[in-house]
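What follows is a short report on a single structure.
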Amino acid sequence: MPLADPYLLPMAALLTAIGLTEIYRLGPSSALRQGIWVVIGVAVFAGTLLYLRKDYRVLERYKYVFGVTAILLLFLPLAPGIGETINGARLWVHFGGLQFQPGELGKIALIVFLAAYLREKREVLAQGRLKDWGPLVVIWGGAMLVLFATDDLGSALLYYGIFLALLYVATARLAFVAAALGLFLIGSIGIAQATPHVQERITDWLTPWSSKPVPCFFTGKLALRQECASYQLVQSLYGIAHGGFGGTGLARGIFTTATGQQIVPEQNSDFIYSAVAQELGLIGAGALLLLYMAFVLRGFRIALAASDGFSKLLAAGLSFGFAFQTFVIVGGILRVIPLTGITLPFVSYGGSSIVSNFFLVAGLMLISNRANRAGSAVGEAAGARPGPESRPRYHGAS
Amino acid sequence: MNKQLLHVAVVAMVLLAILIGATTYWQSWAGAGLSNRKDNSIELVAQLQVDRGKILASNGLPLAWSTPHKKKGLTIYSRKYPTTGLFSDIVGYSTSGDNQVGLEQSLNDYLTGANTNLSNTFSQELDRLGGQTVHGDNVYLTVKPAAQALAEQQLAGRCGAVVALNPKTGAIYAMASSPTYNENLISQPGGYAKIGKIKGTCGDASPLYNNATQGLYPPGSTFKLVTASAALDTGKFTPNSQFYDPGYCTEYGTKIYNSASPDSPSAHETFGNTTLSAGLEHSINSVFCHVGIAIGAKSILDYAKRYGFYSLPPLDLPPNTINPSGLYNNGKLYFPKNPDNGSVDPGRLAFGQERMLVTPLQMALVAATIADGGTEPRPYLVQKVVAPDGSTVATTAPHVLGRVIKSTTAAELNQMMQLVVQGGTGTTAQIPGVEVAGKTGTAELGPAYPNIYDAWFVCFAPANNPQVAVAVVVEKQLNGFGGSISAPIAKAILENLLHK
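These protein sequence lines are chains A and B, in that order.
If you read the first sequence in the working numbering, its first letter stands for residue 1300, the second for the next number, and so on.
If you read the second sequence in the working numbering, its first letter stands for residue 14, the second for the next number, and so on.
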């Protein structure tokens, strides 16, 4: 990959290092397991590059395979015997001692499917022909259904965001985005009415502190909301506030009570951002977010430089998915949006998250390598860099 | 497609920028509000890791300090009170549950090093980054342990309070509330229940209650100082104004008798032809009853207000441990719009009965104001705050709350109060070689407590150059008079503080 973007991998490595450091500080045994997952992730990354080094666009040919795979991966936690419910959401599977969150890989598969399908059908979709919407609605509707069946709100929000962004890029029709957004609002209001789990999340978001005891969502007993349903959110915010401007310094943060009990459960996965913000302060947390911004900007730059529709859509989907996932979890922790359980890319503890994000980097690097090669090849021949539309189009898949 | 790509990229950047904004919000603006919340488990642990500053008496005697001990690799500090109960009602306590009372509560920011100037904040932030323990500031109080100990010893488990202060500066030398409690018990299992079982000589002893600032007592005849202030300051009476005392005063058609004589409790005292000055000297109720009717309840209450009644005295203690003095109706502070339309009985108010309730601190301030020539000093307990490196963070400068009465009125009252001690109801407060000015009070507690009184004495000395003002109250004394019970206590405190 001589012409791949030179910044992506170092940035991913830096994020991984920050995550590993914080995970080690919170619990050395988890850090060892995370380290093994990073090794696996790097192997997956190398394998992907090697396997797709000639032309990754063969993936476009298997778009329906990816679509179905995405749905199957999402269905997996619902399968009896291997599915597991953690924190009220059924999004884990386990094989022997190994736990896995298939939704993370499903995200990549869904992005590949959407990019391929939208590339092919973007013109007809823009005309609004109902027939062409069929597969899109089926795949996407299936994904939504499964997500709500597993109560995995974070992933549902993430998938919907990616879908909207790619639909807009492909069709250039804001009306579609507006209509889809409207459908989402109506749908989510309906779901909030129907499922107490969703309702509670929204209540916790709007009023995490109650002055009088209210029935606790988990136990049904009367308790202050900050001591029950919104306990995690509120204590995580206390931790962030305790960090202040400069932070407590690494290993000086407070994550356990005086008797040694962990204050915030899931501190090293969903709530890793609050741990980083407490120990590194506003300076450190701000720098971390700027790093995410830089990564996302490089991603979009690759999408802009790419010469064909599939590459553009794929790069945009991967980049926006990366940014939006960060927003959904960190925004949830910071009470910008309702809190949903989802990992912070590269930093959170979790094997599936690490592996899928290394897939993501591999994808972006493959696209950038090809875009730069095409750019330099054409540039050498014509002595000037032509616009994207004048480049030869690729038709291998049709 | 590139145009749309740019749009989506901008959306992604805006979303991430919102996160930076939100993080800034929680780590700066919202931080203070969150750290004060009771359910904040993180601050709870953080407080334990702070080496809370010492609280020391004016002579440097430590009243509260922190001792470190290791726990699971963390250094955790716990609070000790070496003077065991002597200053519990002022100093209060700070528990491992981050629960504070008294000065431990109101001075929390200094003691935890949270409230310091910019350069200190900067060096503290560096300390924090370097992983060093945060050391709080040390606080020096104005209190004198010997006087405080004497006051507690004199009260001897009886319910009551003693307040002694410098009438010129307002510095409080002693503030004793009895019964007291061992503040070290609070952090021990079952300690709180033990404190609840402490009994005094009164029914409900409530050791956690600071009688000096929270206790509301009928002032009895000590309130005559306020009535006399109004009578003299408005120019309606002079110390030599003539009165005739038949032993009672007629109000609303019924006779209100003078108090029973200390010598023969069944008889009411009768003085015949007398003056306002003698009325104060011998504490003649009928004289003040007439004064009250003549000047009206509003005038008396207005002067009470000028002395600071109806508002919280500004003190370093948490406001929820201070009560305002004044008329109370059904447990609430009561100041009628038109007190002279019969809603307040001026005759009984004039000698401190009616529904008037006062704190010992307020009565000490009345004495201090007269001693200070009519200007009221702002009372204070904190002398200075010293940073761990020895530099002074804050010093309390004496401050005058305002002029309450003319200096001539103060001088007249000073003379009249000297007569009380020389030959009136307060002779038991005499100190050889020192002119003491004082006023007794023997407050009736209503039909439920026959011959049981709250015994008062307020005073200052030396009369010509006042150095110390004292208020003493002892609750529910059977046939106990201000002159017999409280004046000797005040005398002992004066002697101690004047080194006599």
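Just so it is clear, CB atoms sit at the ideal spot from N, CA and C, and this is done for glycine as well.
Please identify, using Cβ separations under 9 Å, the residues of the stretch 48-66 of chain B that lie next to chain A, in order along the chain. Answer in chain order: Ser48, Arg50, Asp52, Asn53, Ser54, Ile55, Glu56, Leu57, Val58, Ala59, Leu61, Gln62.
Counting C-beta neighbours from all protein chains within 10 Å, is the total for Arg1428 (chain A) 16 or more, i.e. buried, or is it exposed? Counting from one through the first sequence, the residue named residue 1428 (chain A) turns up at place 129. Under this definition Arg1428 (chain A) is an exposed residue.
Just to confirm, is the Cβ distance from Val481 (chain B) to Lys452 (chain B) under 9 Å? Here residue 481 (chain B) refers to the residue found at position 468 of the second sequence. Here residue 452 (chain B) refers to the residue found at position 439 of the second sequence. No, these two residues do not count as a Cβ contact at 9 Å.
Taking 8 Å as the limit between beta carbons, can you name the residues of its chain near Gly589 (chain B), skipping five residues before and five after? Since the first and last residues shown for chain B are 14 and 513, residue 589 (chain B) lies out of range.
How would you call Leu1665 (chain A), buried or exposed, if buried means at least 16 neighbouring beta carbons within 10 angstroms? Locating residue 1665 (chain A) in the first sequence gives position 366, where the first residue counts as 1. Label assigned to Leu1665 (chain A): buried.
Pick out the complete alpha helix (DSSP H) segments inside the stretch 1414-1498 of chain A, 4 residues or longer, and give them in chain order. 1429-1448, 1452-1470, 1473-1493
At 4 residues or longer, what runs of the alpha helix (DSSP H) sit wholly inside the stretch 201-272 of chain B? 204-209, 237-246
DSSP three-state call for Tyr106 (chain B): helix, strand or coil? Within the second sequence, numbered from 1, the residue matching residue 106 (chain B) stands at position 93. Strand.
Collapsed DSSP secondary structure at Leu314 (chain B) in the structure displayed: For this step, residue 314 (chain B) is matched to residue 301 along the second sequence. Correct three-state label for Leu314 (chain B): helix.
Tell me the DSSP bridge mates of Ile465 (chain B)? For the purposes of this step, residue 465 (chain B) is identified with residue 452 of the second sequence, where counting begins at 1. DSSP lists B:Leu491 as partners of Ile465 (chain B).
Give me the Cβ distance between Asn151 (chain B) and Leu69 (chain B), rounded to the nearest whole Å; I'm assuming they're in contact under 8 Å. Taking the second sequence and counting its residues from 1, the one referred to as residue 151 (chain B) is at position 138. Taking the second sequence and counting its residues from 1, the one referred to as residue 69 (chain B) is at position 56. 6 Å between Cβ atoms; contact.
Kindly give me the distance between the Cβ atoms of Lys207 (chain B) and Ser71 (chain B), rounded to whole angstroms, as I take these residues to be in contact under 8 Å. Taking the second sequence and counting its residues from 1, the one referred to as residue 207 (chain B) is at position 194. Taking the second sequence and counting its residues from 1, the one referred to as residue 71 (chain B) is at position 58. That pair is no contact at about 31 Å.
Limits of the beta strand (DSSP E) - the one that Tyr90 (chain B) falls within: Taking the first residue of the second sequence as position 1, residue 90 (chain B) is located at position 77. Start and end: 87-93.
Cβ of Gln40 (chain B) less than 9 Å from any chain A Cβ? On the second sequence, residue 40 (chain B) is found 27 positions in, with the first residue counted as 1. Yes, contact with chain A.
Taking CB distances under 9 Å as the criterion, tell me whether Tyr1467 (chain A) reaches chain B. Locating residue 1467 (chain A) in the first sequence gives position 168, where the first residue counts as 1. Yes, its Cβ sits closer than 9 Å to a Cβ of chain B.
I'd like the list of long-range same chain contacts for Val176 (chain B), defined as Cβ closer than 6 Å, with 5 residues on each side in sequence excluded. Taking the second sequence and counting its residues from 1, the one referred to as residue 176 (chain B) is at position 163. Cβ neighbours of Val176 (chain B) beyond the five flanking positions: Met188, Ala225, Pro373, Leu374, Ala377, Ala484.
What is the DSSP secondary structure of Ala484 (chain B), reduced to helix, strand or coil? Working through the second sequence from its first residue, we reach residue 484 (chain B) at position 471. Correct three-state label for Ala484 (chain B): strand.
What first and last residue would you give for the alpha helix (DSSP H) that runs through Val1337 (chain A)? Indexing the first sequence from 1 puts residue 1337 (chain A) at position 38. Segment 1327-1350, the alpha helix (DSSP H) holding Val1337 (chain A).
Between Tyr1537 (chain A) and chain B, is there a C-beta pair that is closer than 9 Å? Position 238 of the first sequence, counted from the start, is the residue given in the question as residue 1537 (chain A). Yes, Tyr1537 (chain A) counts as interfacial toward chain B.
Going by C-alpha to C-alpha distance, which of B:Thr108, B:Gly439, B:Leu87, B:Ser79 sits closest to Pro95 (chain B)? Mapped onto the second sequence, residue 95 (chain B) falls at position 82. Minimum Cα distance to Pro95 (chain B) is reached at B:Ser79.
At the level of alpha carbons, what is the spacing between Ala450 (chain B) and Gln40 (chain B)? In the second sequence, counting from the first residue as 1, residue 450 (chain B) sits at position 437. In the second sequence, counting from the first residue as 1, residue 40 (chain B) sits at position 27. C-alpha separation (whole angstroms): 58 Å.
Checking the sheet assignment: what are the DSSP bridge partners for Asp52 (chain B)? Start at 1 with the first residue of the second sequence, and residue 52 (chain B) comes out as number 39. None; Asp52 (chain B) has no bridge partner.
For chain C, check one thing: does any of its Cβ atoms lie closer than 9 Å to the Cβ of Met1592 (chain A)? No chain C is part of this structure, whose protein chains are labelled A and B.
Answer yes if the stretch 298-315 of chain B comes into contact with the stretch 350-357 of chain B, meaning at least three C-beta pairs across the two stretches below 8 Å, and no otherwise. By the Cβ rule, the stretch 350-357 of chain B counts as touching the stretch 298-315 of chain B, because three or more pairs are nearer than 8 Å.
Pull up the CB-CB distance for Met369 (chain B) and Pro460 (chain B), whole angstroms please, since I reckon it's below 8 Å. Stepping through the second sequence from its first residue, residue 369 (chain B) is reached at position 356. Stepping through the second sequence from its first residue, residue 460 (chain B) is reached at position 447. 18 Å between Cβ atoms; not a contact.
Between Val1468 (chain A) and Leu1603 (chain A), which are expected to be in contact by the criterion C-beta below 8 Å, what is the C-beta distance as a whole number of angstroms? The residue given as residue 1468 (chain A) occupies position 169 in the first sequence. The residue given as residue 1603 (chain A) occupies position 304 in the first sequence. Between Leu1603 (chain A) and Val1468 (chain A) the Cβ distance is about 11 Å, and since that is not below 8 Å, they are no contact.
Taking CB distances under 9 Å as the criterion, tell me whether Ile31 (chain B) reaches chain A. Numbered from its first residue, the second sequence carries residue 31 (chain B) at position 18. So yes, Ile31 (chain B) belongs to the interface.
Whether or not the stretch 1627-1636 of chain A and the stretch 1568-1575 of chain A are in contact is what I'm after, with contact meaning three or more pairs of Cβ atoms, one per stretch, closer than 8 Å; do they touch? yes
Counting only beta-carbon separations shorter than 9 Å, does Gly1318 (chain A) have a partner in chain B? As a working note, residue 1318 (chain A) is residue 19 in the first sequence. It does not: the Cβ of Gly1318 (chain A) has no partner Cβ on chain B nearer than 9 Å.
Integer-rounded CB distance, given that Ala127 (chain B) should sit under 8 Å from Val239 (chain B): By 1-based counting over the second sequence, the position of residue 239 (chain B) is 226. By 1-based counting over the second sequence, the position of residue 127 (chain B) is 114. No, Val239 (chain B) and Ala127 (chain B) are not in contact; Cβ-Cβ is about 41 Å, not under 8 Å.
For Val104 (chain B), does the count of other Cβ atoms within 10 angstroms reach 16, so buried, or fall short, so exposed? Here residue 104 (chain B) corresponds to residue number 91 of the second sequence, with the count starting at 1. Buried is the call here.
Cβ shell of Leu1456 (chain A) (< 6 Å), same chain only, five flanking positions each side left out: Position 157 of the first sequence, counted from the first residue, corresponds to residue 1456 (chain A). Only Val1627 meet the Cβ criterion.
Can you name the residues of chain A whose CB is closer than 8 Å to the CB of Ile89 (chain B)? The residue you call residue 89 (chain B) lines up with position 76 of the second sequence. Residues of chain A passing the Cβ test: Ala1557.
Between the Cα of Tyr466 (chain B) and those of B:Gln118, B:Lys489, B:Pro475, spot the shortest distance and give me the residue it belongs to. One-based indexing of the second sequence puts residue 466 (chain B) at position 453. Among B:Gln118, B:Lys489, B:Pro475, the Cα nearest to that of Tyr466 (chain B) belongs to B:Lys489.
Determine the direct distance from the alpha carbon of Asp102 (chain B) to that of Val486 (chain B), and round the result to whole angstroms. As a first step, residue 486 (chain B) must be located in the second sequence, where it is residue number 473. As a first step, residue 102 (chain B) must be located in the second sequence, where it is residue number 89. Whole-angstrom Cα-Cα distance: 16 Å.
Take Asp246 (chain B) as the anchor and find which of B:Thr267, B:Tyr320, B:Ser234 has the nearest alpha-carbon. For the purposes of this step, residue 246 (chain B) is taken as residue 233 along the second sequence, with counting starting at 1. Ranking the options by Cα distance to Asp246 (chain B), first place goes to B:Tyr320.
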